[in-house]
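In UniProt numbering, the protein residues as written are 1 to 69.
Here a beta-carbon is modelled for each residue, glycine too, at the ideal position from N, C-alpha and C.
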């Protein structure tokens, strides 16, 4: 059986039940995602840049790097 539920974490709801977005002093962003379910999950991450960034890095148990740091 599979269940699908979509939650959005953004600056408007940061700090709520979905998680927290932290804008760091070095201009990086840290995101803590809360899993309120009963089983481990693997999130689907959608990134929408609003300007040329050149680099995205996602770190966890595994690391994903996109671009030229």
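Residue i, buried or exposed, once every other Cβ within 10 Å from all chains shown has been counted against 16
i	result
residue 9	buried
CB of residue i within 7 Å of CB of residue j, strictly
i	j	result
residue 7	residue 23	no
residue 34	residue 41	no
Contacts around residue i, its chain only, beta-carbon distance under 6 Å, and the 5 residues preceding and following it disregarded
i	result
residue 20	14 and 32
CA nearest to the CA of residue i, picked from the options
i	options	result
residue 55	48, 62, 67 and 49	67
residue 4	39, 16, 26 and 30	39
residue 61	11, 29 and 43	43
Close beta carbons around residue i, own chain, < 8 Å, minus the five adjacent residues each side
i	result
residue 29	21, 22 and 23
residue 11	21
Contacts around residue i, its chain only, beta-carbon distance under 7 Å, and the 5 residues preceding and following it disregarded
i	result
residue 121	With the chain covering only 1 through 69, there is no way to say anything about residue 121.
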